[in-house]
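> Sending over a structure as structure tokens; questions will come in a sec.
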Amino acid sequence: VNVDLKKNVETIEVPQIGATSTVRIIEDFDHNITAIRDFAVNKCFIMPLDRQHVPNPANLIQTFLAMMSGQFLPDNEVLRKTMKVQTPALTEADVDKYGPIISGTCPKEIKTYRLVPKTAEEMKNRRRRSPESLAFMYSVGAHAIMFDIDH
1 VNVDLKKNVE
11 TIEVPQIGAT
21 STVRIIEDFD
31 HNITAIRDFA
41 VNKCFIMPLD
51 RQHVPNPANL
61 IQTFLAMMSG
71 QFLPDNEVLR
81 KTMKVQTPAL
91 TEADVDKYGP
101 IISGTCPKEI
111 KTYRLVPKTA
121 EEMKNRRRRS
131 PESLAFMYSV
141 GAHAIMFDID
151 H
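In full-length UniProt numbering, the protein residues as written are 1 to 151.
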């Protein structure tokens, strides 16, 4: 986890573990955006920042320091997010609107898509994972977030 208090950004590198992908997650609090770069398929995904569950950079640092000193124990809650890719891919101009950090993570050579939550009906009808599905989990201090993305 890399936290930049001046830019108000968190960068989380998630390694490949089992069937999960290697991804870089950028939480940009100034632009209210989360960007996910999937290195396995060389694509980027963008969605609104979940401020309810993702602590801002200053709070994340305080949480990790408290955990390291034993003053705070994370709960075992795993937040599950089932998302789908919204097509068509974003244009370079669309990505540039999210600022230099996001456009640097998701350059024009890489297809970038918006992510939207799957509806209850879509989740009910889903019988098996697509071979192009992306799954990963990462810690945001007090709890973990697990993503399942169909694309």
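Here a beta-carbon is modelled for each residue, glycine too, at the ideal position from N, C-alpha and C.
Tell me whether the beta-carbon of T87 lies closer than 8 Å to the beta-carbon of C44.
no
> Among the residues of its own chain, which have a CB less than 8 Å from the CB of S133, if the five just before and after it don't count?
D148, I149, D150, H151
> Counting only the same chain and skipping the five closest in sequence on each side, list residues whose C-beta sits under 6 Å from that of S103.
V95, D96
> In terms of residue numbering, what span does the beta strand (DSSP E) encompassing K43 cover?
43-48
> Could you say which of R24, L90, G99, L115 lies nearest to F39 if we only look at CA atoms?
Out of R24, L90, G99, L115, R24 has the C-alpha closest to the C-alpha of F39.
> Can you tell me whether DSSP reads T119 as helix, strand or coil?
coil
> Looking only at its own chain, which residues have a Cβ that is under 8 Å from the Cβ of M137, when we skip the five neighbours before and after it?
V14, T20, V78, A144, I145, M146, F147
> If you count every other CB in all the chains shown that lies within 10 Å of the CB of M123, and 16 or more means buried, which is it?
exposed
> DSSP on E92, reduced to helix/strand/coil?
helix
> Return the CA-CA distance between F29 and V9, expressed in angstroms with no decimal places.
6 Å
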